[in-house]
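Visitor:
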Amino acid sequence: MSQFGILPAGIKHKLLFLIDALFDPFIFSGFVAAFAASLCWMAAITHFEITKAYPVMSLAPALVFIIGILFLGETFATGKEVGLLLILLGIIVNVKC
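Numbering follows the working numbering, in which position 25 of the sequence shown is assigned residue number 25; successive positions increment by one, without gaps.
1. Using 8 Å for Cβ pairs, my map puts Ala62 next to Leu89. What's the rounded Cβ distance?
2. Are the stretch 73-92 and the stretch 49-61 touching by the rule of at least three beta carbon pairs closer than 8 Å?
3. Is it the case that the Cβ atoms of Ala53 and Ala43 are separated by a distance below 7 Å?
4. Could you spell out the range, first to last residue, of the alpha helix (DSSP H) harbouring Ala34?
5. Sort Leu72, Phe31 and Phe65 by Cα distance to Gly79 and report the nearest one.
6. Would DSSP call Leu70 helix, strand or coil?
Structure (structure tokens):
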């Protein structure tokens, strides 16, 4: 979204800005991916207990962390690494119990 700049002041300009952003291929693909993820979530909770399935959702920040480092040149800091390990440990503990 940073490539689009800041949100304009007028209502008409805001609407045009948001429509233009919506049809950007990257942003639109994000909406499609979110919709597909919600369908997968609905399918998952029909097969698993919610107390087992929901903690796996915690993998999202871990995946964002990894993708950010590999593809977006994000920094790799010790604090982020510790946070990632804690997330993974929490998921393992929850799924095993």
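Backbone N, C-alpha and C define an ideal beta-carbon position, used for all residues, glycine too. All of these numbers come straight from a predicted model, not from anything done at the bench.
Guide: This is what the structure gives:
1. Numbered from 1 along the sequence shown, position 62 holds the residue referred to as residue 62. Numbered from 1 along the sequence shown, position 89 holds the residue referred to as residue 89. Contact doesn't hold; Cβ gap of about 11 Å is too wide.
2. As far as the Cβ criterion goes, the stretch 73-92 touches the stretch 49-61, which means the pair count is three or higher.
3. Within the sequence shown, residue 53 is the residue found at index 53, counting from 1. Within the sequence shown, residue 43 is the residue found at index 43, counting from 1. In this structure, the beta-carbon distance from Ala53 to Ala43 does not fall below 7 Å.
4. As a working mapping, residue 34 is identified with position 34 in the sequence shown. Boundaries of the alpha helix (DSSP H) around Ala34: Pro25 to His47.
5. For the purposes of this step, residue 79 is identified with residue 79 of the sequence shown, where counting begins at 1. From the listed residues Leu72, Phe31 and Phe65, the smallest Cα separation to Gly79 is found for Phe65.
6. Reading the sequence shown from its first residue, position 70 is the one you call residue 70. Leu70 falls in the helix class under three-state DSSP.
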